[in-house]
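>
As structure tokens, this is what we get:
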């Protein structure tokens with residue numbers, strides 16, 4: 002069965018510290034994976050997706066098929082990174098499939 | 006502004022009532038979705054429409070009925086509201102050939 006697991010409900014770090022938000026998935030076939038972010042009182046928005054292989058706001062994520070992981074990393078956390086982060090995969094065709102979300106991880110960056 | 010919009014933003018109602026949430030997108034997208042975010046912030050797909058046709062219907066009580074009058078609108082009607090329906094409901098849309106989904110601001114439904 003397709004599933005996304007984010008083991009940490011809350012991750013608290015100090016400003017300037019490295020951040021790694023963990024995401025593991027279970028999917029038969031080639032997954033398409035995403036990280037979405039929800040800042041306080043804002044809508045959910047795409048942060049990055051594995052097919053783009055890009056870095057957004059200093060965040061990167063690499064798909065590791067051997068470990069079935071898609072961890073989100075940033076070398077130096079900023080206070081404005083505090084938000085709820087969701088890892089997700091698309092199930093079904095890319096353009097009409099449903100997003101399956103992990104449970105979400107709240108990142109708290111302390112000054 | 007090009008975006009996905011939802012009305013109302015907040016909805017407080019009594020158990021047993023019937024209510025609707027509206028969603029509109031002016032992005033020219035072909036597919037629209039409804040997601041439910043529960044009190045533990047867990048997000049789950051409810052429905053999806055592509056060009057006004059229902060393509061995803063998860064295990065949702067039949068008190069929930071989506072309606073898509075045209076491909077820019079996807080409304081959600083809920084009959085006989087229950088306490089467990091309290092949640093934030095997010096609408097989203099995507100363009101054919103694109104996997105990225107754009108989300109609305111959410112509607113916080115509170116059933117008393």
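Chains as they are written, first to last, in our numbering: chain P, 2 to 112; chain S, 6 to 117.
Beta carbons are placed, not taken as given, at the ideal position from N, Cα and C, and that holds for glycine.
Every value quoted in this text rests on a predicted model; they were computed, and no experiment measured them.
1. Give me the Cα-Cα distance between residue 106(P) and residue 85(S), rounded to the nearest whole angstrom.
2. Taking the alpha-carbon of residue 38(S) as reference, which of 47(S), 44(S), 27(S), 46(S) has the nearest alpha-carbon?
3. From residue 14(P) to residue 85(P), what distance separates their C-alpha atoms?
4. In its own chain, which residues sit with a C-beta less than 7 Å from the C-beta of residue 18(P), not counting the 5 before and 5 after it?
5. Run through chain S and tell me which residues come within less than 8 Å of residue 99(P), C-beta to C-beta.
6. Please list, in chain order, the residues of the region 3-37 of chain P that have any C-beta partner in chain S closer than 7 Å.
7. Quick one: is residue 2(P) buried, meaning 16 or more other Cβ sit within 10 Å of its Cβ, or exposed?
8. Distance, Cα to Cα, residue 104(P) vs residue 16(S)?
9. Please check the pair residue 50(S) and residue 100(P), which I expect to be a contact at CB under 8 Å, by giving their CB distance rounded to whole angstroms.
10. If I'm right that residue 25(S) touches residue 82(S) with Cβ under 8 Å, what's the distance once you round it to whole angstroms?
11. Measuring only the C-alpha atoms, how far is residue 89(P) from residue 32(S)?
12. Leaving out five residues on either side along the sequence, give the residues of the same chain with a beta carbon under 8 Å from the beta carbon of residue 75(S).
13. Please return the same chain residues whose Cβ sits closer than 7 Å to the Cβ of residue 49(P), not counting the five positions on each side in sequence.
14. Closer than 7 Å, Cβ to any Cβ of chain P: which residues of the region 104-115 of chain S, in chain order?
Per the coordinate set shown:
1. In the first chain, the residue the question calls residue 106(P) occupies position 105. In the second chain, the residue the question calls residue 85(S) occupies position 80. So the two alpha carbons sit approximately 33 Å from each other.
2. On the second chain, residue 38(S) is found 33 positions in, with the first residue counted as 1. Among 47(S), 44(S), 27(S), 46(S), the Cα nearest to that of residue 38(S) is on 27(S).
3. To locate residue 14(P), count along the first chain from 1; it is residue 13. To locate residue 85(P), count along the first chain from 1; it is residue 84. So the alpha carbons of these two residues sit roughly 14 Å apart.
4. What you label residue 18(P) is simply residue 17 of the first chain in a count that begins at 1. 78, listed in sequence order.
5. For the purposes of this step, residue 99(P) is taken as residue 98 along the first chain, with counting starting at 1. Those within 8 Å of residue 99(P) in chain S are 38, 50, 53, 61, 63.
6. 33
7. As a working note, residue 2(P) is residue 1 in the first chain. Label assigned to residue 2(P): exposed.
8. The sequence position of residue 104(P) within the first chain is 103, counting from 1. The sequence position of residue 16(S) within the second chain is 11, counting from 1. Near 25 Å, if we compare the C-alpha coordinates of residue 16(S) and residue 104(P).
9. Translated into positions along the second chain, residue 50(S) becomes position 45. Translated into positions along the first chain, residue 100(P) becomes position 99. Correct: roughly 7 Å between the Cβ atoms.
10. In the second chain, residue 25(S) corresponds to position 20, counting from 1. In the second chain, residue 82(S) corresponds to position 77, counting from 1. Their Cβ separation, rounded to whole angstroms, is 5 Å, which keeps residue 25(S) and residue 82(S) in contact under 8 Å.
11. Along the first chain, read from residue 1 onward, the residue named residue 89(P) stands at position 88. Along the second chain, read from residue 1 onward, the residue named residue 32(S) stands at position 27. So the two alpha carbons sit approximately 22 Å from each other.
12. Here residue 75(S) refers to the residue found at position 70 of the second chain. The residues are 57.
13. To locate residue 49(P), count along the first chain from 1; it is residue 48. Once the five neighbours on either side are set aside, the close Cβ partners of residue 49(P) are 36, 55, 57, 60, 62.
14. 104, 105, 106, 108, 109, 110, 111
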